[in-house]
Amino acid sequence: MKTVEELLLAGVPKAPPLTSSLGRVGSPKIQAGHLEKLAIVYVRQSTPKQVMENRQSTERQYAFAEDAVACGWPRERVLTIDEDLGKSARTTEGRNGFQHLVAEVTLGHVGLVLGLEMSRLARSSKDWHAFFEMCAIFGTLIADEDGVYDGNDANDRLLLGLKGIMSEMELHIMRNRLQRGRDHKAQSGKLLYGVPFGYVILPNDEIAFDPDEQARNVVQLIFDKFSELRTIYGLFHWLIQHDISLPIRPRGGANKGRLEWHRPSISTLAQALRHPFYAGAYTDGRRPTDPKRQFSSGKDYRPWVPMEQWKVLIKDHHVAYISWDQYLRNRKQIEQNRNAMGSPGVPRTGGALLPGVLVCGNCDRHMQATYHANGMGHYACNRQYVEATEPRCYGLAAKSLDELVSQQVLRALEPAALELSLQARAGIERERARVDQHWRQRLQRARYDVELAERRYHEVDPANRLVAATLEKRWEETLCQQRQVQEEYERFVRAKPVQLSADDQARITALASDIPALWNAPATTNADRKQILRCLVERVVVHVRCDSEYVDATIHWVGGFESQHEIIRAVGTYAQLRDFEALINRVMELREAGHTAPEIATHLNAEGFHPPKRCGEFTTPVVHQLLKRRGLIGNERSHDELLGKNEWWLTDLARELKMSHLKLRDWTVRGWVHGRKTPVQGYRILWADKDEVRRLRKLLATSRRGANAYTSDLKTPKKKPVAK
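For my numbering, add 669 to where a residue sits in the sequence shown, where the first one is 1.
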């Protein structure tokens, strides 16, 4: 493709030399020193359209080269710079020709700069004053149709300044006039640069649906599916999974206006769902240019602005795919999916069910879900981090709260089991029918392409093999595409028939009648559970206290109903238990009554007490640690007053007999030694007088590893005297 300069050189004839009727020849300002340097002719037009249409102006600018020759410059010393054809003089950014001119001037190579008028060089007073000041420093003259100017002459400086101001003002006047015309056209809803896919502009400038039925169905399917899935990513993956393409009509190029089918992209879907055009509304000013960012970065930065800042909003302007209310719901859903402050966000696959729904009752902030290494979830309020204060809000484990909300949701769904089964069957059949219709339309389009290629092949002259071979190849390609679409459609019908079979209907009915089983099924993901939960629950408010394991939970249901509940959370210490004093008093009563640690644990479990962290029931070690930390007992092994006459600690007797304490313990279990346990910690106390010690030594002497060779009379312990 030829450049603008090539088209210009090819299509614009050189103008004949102009006579110097403007007083440039013989000007006393042109000295011999100027003639020794270059004379540069600067040529510029603001847009490519002006280059192609305003050729007379371009011819006049090129003719200044002949004026320079008439003023005394050799033809080979006249340089024409036309690199800025099609570029605006509003700024110097991107004007390579102007930068080339400045470089030559600052190098002292230029004696005269010629231009049709000052607006050719610069439309900005800042750039213009800087340029002619630079020309004054390096002794370069400036010439236009009115004369020759010297930047060092006071009168010429005044004229050059006024010309620059007038040139800049002219630009602003033209720009304001065009902008007002544009705004007036936008206010009437007639300013259209193009329409989004799914629409076309008719020859009478009316807006209509795309005439292609398949294109209209795909656009409608996008909005219907987003209302169901509620996420752009979910919609994107669903379209990819079902091999559904988007109907695009290019606005330029060789295929301008022709229907093409492109692979979906997230950005394209996001623009379509945010575009009010599909709701029948005409808008202008949704993305105004930010002059600050444009000046700093040099790029056309156009941020999205809120609806309140749109310049034009005309509802019911043209035919619509969706209603205005649905468009607002889509916008709200997209904003909520961004996980911004105060929005629930998109349901994700984490184990906790209430992220985005759970609210702290103390500060009304959304509680965040975190996960431990074992996968257990935990809800926490981040108020202390946001406000940099001491902790005032407290968290709780996700398990107990999730179980409560799940039970309430399942209970609410039970009466609607039959209706859910009918809706599920109808929804599946409706979705399969729409996808089947899409495949049938694709197959119909493929058949039409084959028939069109066949007609074109038969209409060509068989003797013209160059054309016939190309059309024959095209016919074969369309046949292959038709066969491929037919095979894909047959695979789709086998995998997902339009009509549900009797087994499928029975399976759907069974699952809907047993909602808890469906809720807990392995195929049901956490994201599915969260989506179901959010359809029924607006938010859950919990009041967590640091001095109690009991948590007040309020479920705010969709529709305005509120239900109050109470759950028990896991706490870290006994001091956080609400019934801590009652627990300690009960333990002391049982201890004073002579109960052992296992017995105390049994009583506590039977009476409904729970240890901190709710990791299970009270056990002997847990009771022992509780008694020890409260100072109710110490280490019983260090209290010899627990020993009676001729009683030994197990380890002390083993040391006396010079045997393993494990073997002695085994003898105690077998009943070969009299013994008892301490009431709390369960240390073994053995009874053995002098005769009993001698018996045990003889028993130890007759023992052998791996053989039961003990003398039978040595196994029987001496009768222990009864304490008085």
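Where a beta carbon is used, it is the ideal one built from N, C-alpha and C, also for glycine.
(request) Compare the beta carbon distance of Phe946 and Pro865 with 9 Å and say whether it is the shorter of the two. (result) yes
(message) Under 8 Å: do the region 1108 to 1126 and the region 1269 to 1285 share three or more Cβ pairs, one atom per stretch?
(response) no
(request) Quick one: using the 10 Å Cβ neighbour count with 16 as the cut-off for buried, is Met838 buried or exposed? (result) Per the 10 Å Cβ criterion, exposed.
(request) Could you give the DSSP three-state label for Phe895: helix, strand or coil? (result) helix
(request) Report back the beta-carbon spacing between Gly1046 and Gly1025 to the nearest angstrom; my notes put them in contact at under 8 Å. (result) Not a contact, Cβ separation roughly 14 Å.
(request) Could you check what DSSP says for Glu1316 in three-state terms: helix, strand or coil? (result) strand
(request) Report the residue ranges of all alpha helix (DSSP H) runs contained in full by the region 1242 to 1297; include only those spanning at least 4 residues, in chain order. (result) 1249 to 1261, 1266 to 1275
(request) Helix, strand or coil for Gln714, going by three-state DSSP, please let me know. (result) strand
(request) Please report how far the alpha carbon of Asp822 lies from the alpha carbon of Ser715, in whole angstroms. (result) 30 Å
(message) Just to check my reading of the structure: Ile1354 and Leu1326 have Cβ atoms closer than 8 Å, yes? What is that Cβ distance to the nearest angstrom?
(response) With a Cβ gap of about 16 Å, Ile1354 and Leu1326 do not count as contacting.
(request) Report, in whole angstroms, the separation of the C-beta atoms of Val720 and Leu748, which I expect to be a contact under 8 Å. (result) With 8 Å as the limit, Val720 and Leu748 do not qualify as a contact, their Cβ atoms being about 20 Å apart.
(request) For Asn873, count neighbouring C-beta atoms within 10 Å of its own C-beta (all shown protein chains included) and say buried if the count is 16 or more, exposed if not. (result) exposed
(request) Please check the pair Gln1002 and Arg1124, which I expect to be a contact at CB under 8 Å, by giving their CB distance rounded to whole angstroms. (result) Not confirmed; about 48 Å, so no contact.
(message) Using the three-state DSSP reduction, which class does Thr761 fall into: helix, strand or coil?
(response) coil
(request) Answer yes if the region 1234 to 1243 comes into contact with the region 1257 to 1268, meaning at least three C-beta pairs across the two stretches below 8 Å, and no otherwise. (result) no
(message) Taking DSSP's pairing of strands, which residues face Ala1038 in a bridge?
(response) Tyr1048
(message) Can you tell me whether Ile834 is helix, strand or coil according to DSSP?
(response) Secondary structure at Ile834: helix, using DSSP grouped into helix, strand and coil.
(message) Going by DSSP in three states, Ala679 sits in which element: helix, strand or coil?
(response) Unreliable positioning characterises Ala679 in this predicted model, as indicated by a pLDDT of 46, which lies under 50. The coordinate reading is nonetheless provided below. Correct three-state label for Ala679: helix.
(request) Could you check if Phe1230 is buried or exposed, using at least 16 other CB atoms within 10 Å of its CB as the buried criterion? (result) exposed
(message) In this structure, how does DSSP classify Leu691 when only helix, strand and coil are distinguished?
(response) Note that Leu691 scores a pLDDT of 43, beneath 50, so its modelled location is shaky; the value from the coordinates is reported in the next line. Of the three classes helix, strand and coil, the one that applies to Leu691 here is coil, per DSSP.
(message) Measuring alpha carbon to alpha carbon, tell me which residue in Val869, Glu929, Ala923 is nearest Ala989.
(response) Val869
(message) Please identify the residue among Leu1022, Glu1056, Arg1103 whose C-alpha is closest to the C-alpha of Glu882.
(response) Minimum Cα distance to Glu882 is reached at Arg1103.
(message) Measuring straight from C-alpha to C-alpha, what distance separates Arg729 and Leu785?
(response) 7 Å
(message) Using 8 Å for Cβ pairs, my map puts Leu1205 next to Val1078. What's the rounded Cβ distance?
(response) 6 Å
(message) If you follow the beta strand (DSSP E) that Val1078 is in, where does it begin and where does it stop?
(response) Segment 1067 to 1082 is the alpha helix (DSSP H) holding Val1078; no beta strand (DSSP E) there.
(message) Rounded to the nearest angstrom, what separates Met803 and Glu735 at their Cα positions?
(response) 25 Å
(request) Report yes if the CB atom of Val712 is closer than 9 Å to the CB atom of Gly763, and no otherwise. (result) no
(request) Measure the CB-CB distance between Tyr1048 and Leu1065 and report whether it falls below 9 Å. (result) yes
(request) Rounded to whole angstroms, what's the CA-CA distance from Lys854 to Leu860? Just pull it up for me. (result) 5 Å
(request) Would you list the residues sitting across from Ser1232 in a DSSP beta bridge? (result) Ile1224
(request) Take Ala812 as the anchor and find which of Lys795, Ala799, Leu790 has the nearest alpha-carbon. (result) Leu790
(request) Sort Leu1296, Trp1317, Leu1368, Gly922 by Cα distance to Ala1270 and report the nearest one. (result) Leu1296
(request) Please classify Ser1307: is it buried, with 16 or more other beta-carbons within 10 angstroms of its beta-carbon, or exposed? (result) Exposed, since its Cβ has fewer than 16 Cβ neighbours within 10 Å.
(message) I'd like to know whether the C-beta atoms of Ala950 and Asp985 end up nearer to each other than 9 Å.
(response) yes
(message) Spatial neighbours of Leu613 within its chain, please: C-beta separation below 7 Å, excluding the five flanking residues on both sides.
(response) Any question about residue 613 goes unanswered here, given that the chain covers just 670 to 1393.
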